[in-house]
Every structure is written in C-alpha cells, then in structure tokens.
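Heads up: take any position in the sequence shown, counting from 1, add 32, and you land on our numbering.
All C-beta atoms in this analysis are idealised placements derived from N, C-alpha and C, irrespective of residue type, glycine included.
The structure presented is a predicted model; accordingly, all values stated were derived computationally and were not measured.
Here's the structure, in structure tokens; my notes come after.
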Amino acid sequence: MLRNPSRMLVLAFLVLAVSVAAYSETAGNSGNHPDPNKEAPQPPGAVSNHAKTAEVVAAVEALYATLDEDLLEQVKYDLDDEKRRNWSNLPANITDFERNGIRMGDLNEEQRASVFAVLETSLSTEGFEKVRRIVRADEILAQSSPRAARFGWTEDNYWFAVFGAPSVTEAWSWQFGGHHLAVNVTIDEGRMFLSPTFLGVEPATFEDGGETFAPLQAELEGGLALVQALDETQQAAAIVTDRPREVYAGAGRDGVVPPTEGALAGEWSSVQQDMLVELIDLWVGMLPETEAEARHAEIAPDLHETRFAWHGPVDGSGSVYYRIQGPRLLIEFSTQGNIGDDAGHNHSVYRDPTREYGGTL
C-alpha cells in the first residue's frame, strides 16, 4: 500500500522507536504515569517545507491570473471565516446546502485546469489521482442512474475556495469539494495539514476510457486484511456491535468524538502494527511525501494508544465499517447502500482532533 520502499523503512523505524520508548518508560516508572511537567519532544520529521509551499502559492496565483473580478470575489475568503466549516459530501441539487467558492462548471478549460493544478501541486500523485477519480465517478454514476442524472450529478458540481492570502510563512487554506468529496488543506509556516477531509465514491468500481478504477478499494481491502491478521482474542476486542449510519465525524460534525472502543494496537505484534501504519498511510499519504512522513512522525508516539474498531463480516461478504482512533488521529471507513447499479458505495473521513483546519479556526 505504501508508495515506496524507503517510506516503508521510515515508518517501520518509527514504529520500532516508539515501541522501545514505551518499554523504556514503563521500565523506568513503576507507576506507569507520564510526568505532566515533562515537555513532549518534537516528533521527528515535523519540519517545514517552504519549497513545496512556494509551489502551491505559485499555483494559486496562477489560478487567480485566469479569473475575472467576479470569480476572484467568489473564490476568496478570510482565513477565520466560519464558512470554512461549510463542507458536505452530499450531491448538489438534492439539498439547499450552499458550497464555498467557484463552481467548476462555471469555469473555462484554462480556469478548470488551473484549479486542478493547485490540487496536483498540493497533494501526492496518489492523492491527486484519488480526488480526480472520485470526481469522475459522479459523472459515471449519472450515466447509470436515472436518479443521479435527474438531479444533474456531474463533474461540474465541485467547488474550489481559498481562505486567507496564499503565503509561504503565514497561515492560509484551500478547500475543494462536492459529492463524496471535501478536501481541506491548510498551510502554515511551511507545514501542510489535511484535516478534515472526506473521501467517498459511488460507484466504488467503474470503467472509464477502457480502464477500471476503484478509488477507495485499497482502503476497503486494507481494513479487511488488518482485521483478518488479528488472532481470535484480538478480533473479539476489535469487533463492535454498533455502527453509525455512515461515519460519526462527517460533514457538520466538527469536534464529534466517537466512542473509544476496539482493539488496542499497543497489544499487537510489530507485523500487525506495521499493517495498521500502512492502512493509515492511505489517508496520510494524500499529502506530498515529506508532509506525510512528518504527519506519521506525529502519530507514531500514540500508536500504542491507538484503537481499531470493526463492524461487519471479517471475510468481506457484507457491509463493513471500521475506525482507527488515537489521541491525534481519527479515520472512519464505511460501505454504504447503493443509489446506482449496485457497484458499491463507500464513505470515509480523516481528522486530526488536535489540529482541525490546521488549528487556525
């Protein structure tokens, strides 16, 4: 699942280092209580990436150069505007929800390409392709579902907005979203933050241009592989009896904390922990590699406190839901009912409870 072997080595080292540190702390403190006066060390790899930030700033400025006065007014917001919280995974024309920014269907080809250039510059190759395929799936769904076609679900109904002034040193953010998609990227002092981000898709698998695409298949298969890798006792701890209708912490649910339940990763083998980290990387890896590694370095010290909860058949024969939850991480994945031709329908959400919207709201 990981993008390259060197990244795998970095993440495996982080898991090993955290395990050793946890053992050392336990051995040196018979009470097993951390010292509240001890300052937490900076996580390794959590460094600024001003070069990448400069590229993203340049991409936004290039977009601005293609927009007329009216579109410029539509795309720009203040950083502290509460409308940053206004995102949804629901399709257009089915609710009265008003999205932020400029609508892709109102742009010419140059302007649309410039929006996607901002996304491509900000995200990893895998992250950008995932976003593009989710958008494309809406067009495919409209071709197969009369209901989707009737409501005008299309690639045109996605919106892009910028909050704050693009800067290498000051905080700002961009947002791109529509049906099954809400990507919130905040940039602050050379760091990039992805929380909160919603990824969904229907149809889950589709053909386009003679190729088959399944944007969230790795997330589904990765969760199944992990729960199947647990022994009987661990599975019993992971499996929960209740599940939300879709995801607990989706649109309009900032600050919502799901029940803390499931199997504790600190009690797993190193192989099982590595599988968990690889699964987490499917969301964290939406960011460019340096940013993703920095985020993994933040999460790694909490791995022993992270829980994995599972609902549904462990053989993949039916609808499933899983949750990965730690002090600085929340990931949910859920298979949903179908609107189209029974080709699958998935929802997921990624959050950092300690730094939503980059900590700038």
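Should residue 295 go down as buried or exposed, given a rule of 16 or more other Cβ atoms within 10 Å for buried?
Within the sequence shown, numbered from 1, the residue matching residue 295 stands at position 263. Buried, since its Cβ has 16 or more Cβ neighbours within 10 Å.
Residues near residue 116 in its chain [Cβ-Cβ closer than 8 angstroms; skip 5 each side]:
The count along the sequence shown starts at 1 and reaches residue 116 at position 84. Around residue 116: 109, 132, 195, 205, 207, 216, 389, 393.
Just mark residue 331 as buried or exposed, buried being the case when its beta carbon has 16 or more other beta carbons within 10 Å.
Residue mapping note: residue 331 aligns to position 299 of the sequence shown, counting from 1. Looking at its Cβ environment, which holds 16 or more other Cβ atoms inside 10 Å, residue 331 is buried.
Reduced DSSP secondary structure (H/G/I, E/B, other) of residue 329:
Translated into positions along the sequence shown, residue 329 becomes position 297. If DSSP states are grouped into helix, strand and coil, residue 329 belongs with the helices.
Residues near residue 120 by beta carbon distance below 8 angstroms, same chain, minus five either side:
Your numbering for residue 120 matches position 88 in the sequence shown. Excluding positions up to five away in sequence, the list reads 127, 129, 131, 209, 214, 283, 284.
Could you give the DSSP three-state label for residue 229: helix, strand or coil?
Numbered from 1 along the sequence shown, position 197 holds the residue referred to as residue 229. In the displayed model, residue 229 falls within a strand according to three-state DSSP.
Sequence-distant residues of its chain with Cβ nearer than 6 angstroms to residue 247 (five each side left out)
As a first step, residue 247 is located in the sequence shown; it is residue number 215 there, counting from the start. 162, 165, 166, 233, listed in sequence order.
Might you give, ordered along the chain, the residues of its own chain that have their beta carbon closer than 8 angstroms to the beta carbon of residue 261, omitting 5 neighbours on each side?
Indexing the sequence shown from 1 puts residue 261 at position 229. For residue 261, where only same-chain residues beyond five positions count, the Cβ hits under 8 angstroms are 303, 304, 307.
Taking the DSSP output, what are the residues bridged to residue 342?
To locate residue 342, count along the sequence shown from 1; it is residue 310. BP columns for residue 342 point to 271, 354.
Tell me the DSSP secondary structure of residue 279 in three-state form.
Here residue 279 refers to the residue found at position 247 of the sequence shown. DSSP, reduced to helix, strand and coil, places residue 279 outside both helices and strands of the structure shown, so it counts as coil.
With distances taken from CA atoms, which of 145, 97, 87 is nearest residue 154?
Taking the first residue of the sequence shown as 1, we reach residue 154 at position 122. Closest option to residue 154, Cα to Cα, is 87.
At the level of alpha carbons, what is the spacing between residue 380 and residue 280?
Numbered from 1 along the sequence shown, position 348 holds the residue referred to as residue 380. Numbered from 1 along the sequence shown, position 248 holds the residue referred to as residue 280. One Cα belongs to residue 380, the other to residue 280, and the distance between them is close to 10 angstroms.
Tell me whether the beta-carbon of residue 275 lies closer than 7 angstroms to the beta-carbon of residue 343.
For the purposes of this step, residue 275 is identified with residue 243 of the sequence shown, where counting begins at 1. For the purposes of this step, residue 343 is identified with residue 311 of the sequence shown, where counting begins at 1. Against a cut-off of 7 angstroms, the Cβ pair of residue 343 and residue 275 comes out as a contact.
What is the DSSP secondary structure of residue 107, counted as helix, strand or coil?
Reading the sequence shown from its first residue, position 75 is the one you call residue 107. Here residue 107 sits in helix by DSSP.
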